[in-house]
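**Student:** Here it is, the structure in full.
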Amino acid sequence: MAEALLIAVLLTSVPLILAATGELVAEKSGVLNLGVEGMMLMGAVAGFGVASLTGSAYLGIIGGGLAGMLISMVFAIFVLGLATNQVATGLALTIFGTGLSGLIGAPLVGQAIDGLPQLIIPWVSDLYIIGVFFQLDIMAYLSVLLVGLTAYVLNYTQFGLVLRSVGINHDSAHALGYPVLRVRFMAVLFGGFMAGLGGAYLPLVLTPHWSEGMTSGRGWIALALVVFASWRPWRVAAGAVLFGGVTIMQLVGQARGWAIPSQFLSMLPYFATIIVLVLISRGGRIQFGAPAHLGKNFLITR
Amino acid sequence: MNRSILMLLIAVVALGGIYYYNSSTETEDASADAPLKVGFVYLTNPGDHGWTYAHEVGREQLQAHFGDRIVTSYVENIPEGPDATRVIRELVAEGNQVIFTTSFGYMEQTLKVAGEYPDVKFDHITGYKRSENMATGNIRFYEGRYVQGVVAGLTTESNQIGYLAAFPIPEVIQGINAFARGLRSVNKDATIKVVWVNSWYDPVKEADAAKVLIAEGADVLAQHTDSPAMLQTAEKAGAKGFGQSSDMHKFAPNAQLFSSVNNWGPYYISQVEKVLDGTWSTGEGPDHWAGNTWKGIGDNFLVLSEFKNMPDDVAAAAKAARDGIANGSLNIFEGPMMDNKGNSVLAAGDTLDDGGLWAMDYYVEGVEGNIPN
């Protein structure tokens, strides 16, 4: 029973891990993309559509990622190429992605697919409790791998250093000869790819059907998670599991008749995020790792 | 310079639009034989399952019934907020003489626009406020849930039923209690665990709640939320469940026992018929009770889909309950009835009237826990 609940926690946190890790990279490069919800929906509809047309859920993963990346390119062209306001463009991306996914997905409503199979890793999956970590699907394993890769690239490679420096001060980075816009473009595209994967996880694993707006706000939770995790990849993963855990716990609490109101538990992750935001805005000694030029547009001036 | 030209263009286009719009409404008024225009406001895209889909099926039946005597149209994805007022007004402006607003959350907005346009007839679905030109249509959804309870009670082996509920409003409480009455009529040991997902539609959360209920021992699930996610989860886990609003069999071919299908067609047809022959009325008095239609299985407003994935004797019991409700021989809320704290709610022989149904603020025997406030 505990194992079934733990699996539910892990599965419900996978889309958040993927989308939040992508957003983290974009934000580290200094671009705030509020369009995560829209990109996730595009990933969801494309993932489902490809899986439904080709009959292969594995191709659906790729389709989802690419769709998220494509629509993030629109955002990148506006924000980086035309230096439009990042907040407004990001919100527009969410509205655009929601509408476009609904339009594309209209003929897909009501279809059912098989979804990704469980990939049970022999032997280790028999272990008590720990075993559940080896009874997941390919995207869940992949999400952990991608978090590790992101953490490694950001912290231990030259490219990661350049990316972070672009986010901290684009003028200095530019003066040093780093291609600010190109780095940001790649970061935004990576964010779109990851959000697309996160979105595709919904129809491919969690609920094997497509319906309009099926992410129901998970893109916004992913955005909050990045702040909650103070821009550190492993903390994003931990935060996502914590969030998933609280979601499942409040449902368990209701089923078991606990005295705590379910709304209180549902509120906790958001509450924690607000506290982190307040602490950041106060500044001071605690370092949270917010990129200094987050949300600021870079204009090449001579 | 460029910008001012652009502004000018926008102004020209906008004025042209207003002119066109005015001229089109004038032609509407000119011809007396023009078909009656009937507009619908939908909460979501109709898709092919769930609440709005059931309304769309009803609209198609309505259109087919009257043919070219009426023209129907709908607007979809209208949130239950202040913006609905604007959308309803637009439907009036387009010349619709009958407007159906198909979700509880449109009640105040419909009432407001109804006050502004006394010549247009408004029909609000599932609400309780009415006026001279605003009627209410509703289905006795809870009747289907009693039959679900009967089937659940005969199907469960763990005697644990999981129930996904959206919001603690009277309609949902009625449903839970009717389900419990059906459950306890055949199985005194079974209990219902209710989980509130605080949303009508959140597939991932509905799936999570279903997983939790199954992990907690439930083997039959019921839902008062809109997506097929619960049934898909039940299908995967080998549990059973009931669909919502429309037949969801194809999402869960082995798990769906049956679905209570909302059949709005007969209501829409009868209301438009009354408009066409001039007998449409919501009656007298402040509450306009004559404008209230609330019917169920007996009047074909609620249809139960084919009973599947159950042995013949269970299907027979379900049919007996369904027919008993339809012909009035079975009263779901008839005493003795106890609440789940052991207090008597109805003495033997007493029955609950409609007012009592809407005032339910307790769970009956068989439901675990308390209603959240």
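Residue numbers (my numbering), protein chains in the order written: chain A, 476 to 777; chain B, 108 to 480. Don't be surprised by glycine CBs; every beta carbon is placed ideally from N, CA and C. Predicted model, so just to flag it, every value in this text is computed and none were measured.
Determine the direct distance from the alpha carbon of B:L338 to that of B:G350, and round the result to whole angstroms.
**Tutor:** The count along the second sequence starts at 1 and reaches residue 350 of chain B at position 243. The count along the second sequence starts at 1 and reaches residue 338 of chain B at position 231. So the two alpha carbons sit approximately 7 Å from each other.
**Student:** Look at the alpha carbon of A:R710 and the alpha carbon of B:S210, and state the distance between them as a whole number of angstroms.
**Tutor:** The residue you call residue 710 of chain A lines up with position 235 of the first sequence. The residue you call residue 210 of chain B lines up with position 103 of the second sequence. One C-alpha to the other measures close to 42 Å.
**Student:** Out of curiosity, what's the CA-to-CA distance linking B:G527 and A:G590?
**Tutor:** The structure shown has nothing for residue 527 of chain B, since chain B only spans 108 to 480.
**Student:** Mapping DSSP to helix, strand and coil, what is B:M355?
**Tutor:** As a first step, residue 355 of chain B is located in the second sequence; it is residue number 248 there, counting from the start. B:M355: coil per DSSP, three-state reduction.
**Student:** What in chain A is Cβ-close to B:S412, meaning under 8 Å?
**Tutor:** As a first step, residue 412 of chain B is located in the second sequence; it is residue number 305 there, counting from the start. Ordered by position in chain A, no residue passes the 8 Å Cβ test against B:S412, which lies about 15 Å from the chain.
**Student:** In the DSSP assignment, find the unbroken alpha helix (DSSP H) run with A:G580 in it and report its ends.
**Tutor:** Numbered from its first residue, the first sequence carries residue 580 of chain A at position 105. First-last of the alpha helix (DSSP H) with A:G580: 561–580.
**Student:** Inspect the CB distances between the segment 500–513 of chain A and the segment 482–489 of chain A and report whether three or more fall short of 8 Å.
**Tutor:** These segments do not touch.
**Student:** Work out the CA separation of B:F207 and B:S138 for me, nearest whole Å.
**Tutor:** The count along the second sequence starts at 1 and reaches residue 138 of chain B at position 31. The count along the second sequence starts at 1 and reaches residue 207 of chain B at position 100. Only weak support exists for where B:S138 lies, its pLDDT of 46 falling under 50; the value from the coordinates is given anyway. Taking the straight line joining both Cα atoms gives about 24 Å.
**Student:** Quick one: does B:V471 have its CB under 7 Å from some CB of chain A?
**Tutor:** As a working note, residue 471 of chain B is residue 364 in the second sequence. No - not a single Cβ of chain A is within 7 Å of the one on B:V471.
**Student:** Could one say the Cβ of A:V435 lies closer than 7 Å to chain B's Cβ atoms, at least one of them?
**Tutor:** Nothing in the structure corresponds to residue 435 of chain A, since chain A is present only between 476 and 777.
**Student:** Hey, is the segment 425–444 of chain B in contact with the segment 398–413 of chain B, meaning 3+ C-beta pairs nearer than 8 Å?
**Tutor:** With the cut-off at 8 Å, the segment 425–444 of chain B and the segment 398–413 of chain B touch.
**Student:** From B:D175 to A:G540, what distance separates their C-alpha atoms?
**Tutor:** Here residue 175 of chain B corresponds to residue number 68 of the second sequence, with the count starting at 1. Here residue 540 of chain A corresponds to residue number 65 of the first sequence, with the count starting at 1. Taking the straight line joining both Cα atoms gives about 48 Å.
**Student:** Using a Cβ-Cβ cut-off of less than 7 Å, give me the residues of the segment 326–351 of chain B that come near chain A, in sequence order.
**Tutor:** Within the segment 326–351 of chain B, the residues whose Cβ lies closer than 7 Å to some Cβ of chain A are S334, P335, A336, Q339, listed in chain order.
**Student:** I want to see whether chain B comes within less than 7 Å of A:T569, judged by CB atoms only; does it?
**Tutor:** In the first sequence, counting from the first residue as 1, residue 569 of chain A sits at position 94. No, A:T569 lies away from the interface with chain B (no Cβ there is under 7 Å from its Cβ).
**Student:** Count the C-beta pairs between the segment 182–202 of chain B and the segment 147–156 of chain B that are closer than 8 Å, then say yes if the count reaches three, no if not.
**Tutor:** These segments touch.
**Student:** Answer with buried or exposed for B:S303, where buried requires no fewer than 16 other C-beta atoms within 10 angstroms of its C-beta.
**Tutor:** In the second sequence, counting from the first residue as 1, residue 303 of chain B sits at position 196. Going by the sequence as given, residue 303 of chain B is Trp instead of Ser. Buried, by the Cβ-count rule.
**Student:** What would DSSP say about B:E413, mapped onto helix, strand or coil?
**Tutor:** On the second sequence, position 306 is the one that residue 413 of chain B refers to. B:E413: coil per DSSP, three-state reduction.
**Student:** By alpha-carbon positions, which one of A:F665, A:L700, A:N560, A:T632 ends up nearest to A:A747?
**Tutor:** Along the first sequence, read from residue 1 onward, the residue named residue 747 of chain A stands at position 272. Out of A:F665, A:L700, A:N560, A:T632, A:L700 has the C-alpha closest to the C-alpha of A:A747.
**Student:** Tell me the residue span of the alpha helix (DSSP H) that contains A:V484.
**Tutor:** Working through the first sequence from its first residue, we reach residue 484 of chain A at position 9. Note, A:V484: alpha helix (DSSP H), 477–503.
**Student:** Does any C-beta atom of chain B lie closer than 7 Å to the C-beta of A:G585?
**Tutor:** Start at 1 with the first residue of the first sequence, and residue 585 of chain A comes out as number 110. Chain B, which has a Cβ nearer than 7 Å to the Cβ of A:G585, makes this yes.
**Student:** May I ask you to report which of helix, strand or coil DSSP gives B:F408?
**Tutor:** Walking along the second sequence from the start, residue 408 of chain B turns up at place 301. DSSP places B:F408 in coil when its eight states are reduced to three.
**Student:** Name the DSSP beta bridge partners of B:Q363, please?
**Tutor:** By one-based count along the second sequence, residue 363 of chain B stands at place 256. Per DSSP, B:G348.
**Student:** Whose C-alpha, out of B:N369, B:W387, B:A424, B:L198, is nearest the C-alpha of B:W233?
**Tutor:** In the second sequence, the residue the question calls residue 233 of chain B occupies position 126. Correcting the residue type first, residue 233 of chain B is Thr in the shown sequence and not Trp. Of B:N369, B:W387, B:A424, B:L198, the residue nearest in Cα terms is B:N369.
**Student:** Which residue's Cα is closest to the Cα of B:A161: B:V199, B:G442, B:S367?
**Tutor:** On the second sequence, position 54 is the one that residue 161 of chain B refers to. When only C-alpha atoms are compared, the closest one is B:S367.
**Student:** For the segment 545–558 of chain A against the segment 654–665 of chain A, are there 3 or more C-beta pairs whose distance is under 8 Å?
**Tutor:** The segment 545–558 of chain A is in contact with the segment 654–665 of chain A.
**Student:** For B:Y470, which residues in the same chain have their Cβ closer than 6 Å to its Cβ, ignoring the five residues on either side in sequence?
**Tutor:** Taking the first residue of the second sequence as 1, we reach residue 470 of chain B at position 363. If we look at B:Y470 and ignore the five residues flanking it on each side, its Cβ neighbours are N447.
**Student:** For A:I723, return the contacting residues in chain B, with the cut-off set at a CB-CB distance below 7 Å.
**Tutor:** For the purposes of this step, residue 723 of chain A is identified with residue 248 of the first sequence, where counting begins at 1. Simply D315, V319.
**Student:** Taking A:L740 as the reference, give the member of A:G732, A:R757, A:V658, A:T722 with the closest Cα.
**Tutor:** Locating residue 740 of chain A in the first sequence gives position 265, counting from the first residue. Ranking A:G732, A:R757, A:V658, A:T722 by Cα distance to A:L740 puts A:T722 first.
**Student:** Who are the near neighbours of B:Q281 in its chain, counting only those whose CB is closer than 7 Å to its CB and skipping five residues on each side?
**Tutor:** By one-based count along the second sequence, residue 281 of chain B stands at place 174. Excluding sequence neighbours, B:Q281 sits near Y249, L464, M467.
**Student:** Give the list of continuous alpha helix (DSSP H) stretches no shorter than 4 residues that lie fully inside the segment 514–557 of chain A.
**Tutor:** Listed in chain order, the complete alpha helix (DSSP H) runs (minimum 4 residues) inside the segment 514–557 of chain A are 532–551.
**Student:** Are any of the Cβ atoms in chain B nearer than 7 Å to that of A:A479?
**Tutor:** On the first sequence, position 4 is the one that residue 479 of chain A refers to. A:A479 counts as touching chain B.
**Student:** Could you tell me the alpha carbon to alpha carbon distance between B:Q330 and A:P766, rounded to whole angstroms?
**Tutor:** Here residue 330 of chain B is taken as the residue at index 223 of the second sequence, counted from 1. Here residue 766 of chain A is taken as the residue at index 291 of the first sequence, counted from 1. Approximately 45 Å between the Cα atoms of the pair.
**Student:** Consult DSSP for B:V145 and reduce its assignment to one of helix, strand or coil.
**Tutor:** Stepping through the second sequence from its first residue, residue 145 of chain B is reached at position 38. If DSSP states are grouped into helix, strand and coil, B:V145 belongs with the strands.
**Student:** Going along the chain, which residues of its own chain have a beta-carbon closer than 7 Å to the beta-carbon of A:M544, five neighbours each way excluded?
**Tutor:** Your numbering for residue 544 of chain A matches position 69 in the first sequence. Here the set comprises L664, G667, F668, G671.
**Student:** Which chain B residues are close to A:S686, counting only those with a beta carbon under 7 Å from its beta carbon?
**Tutor:** Your numbering for residue 686 of chain A matches position 211 in the first sequence. In chain order: G154, P310, S334.
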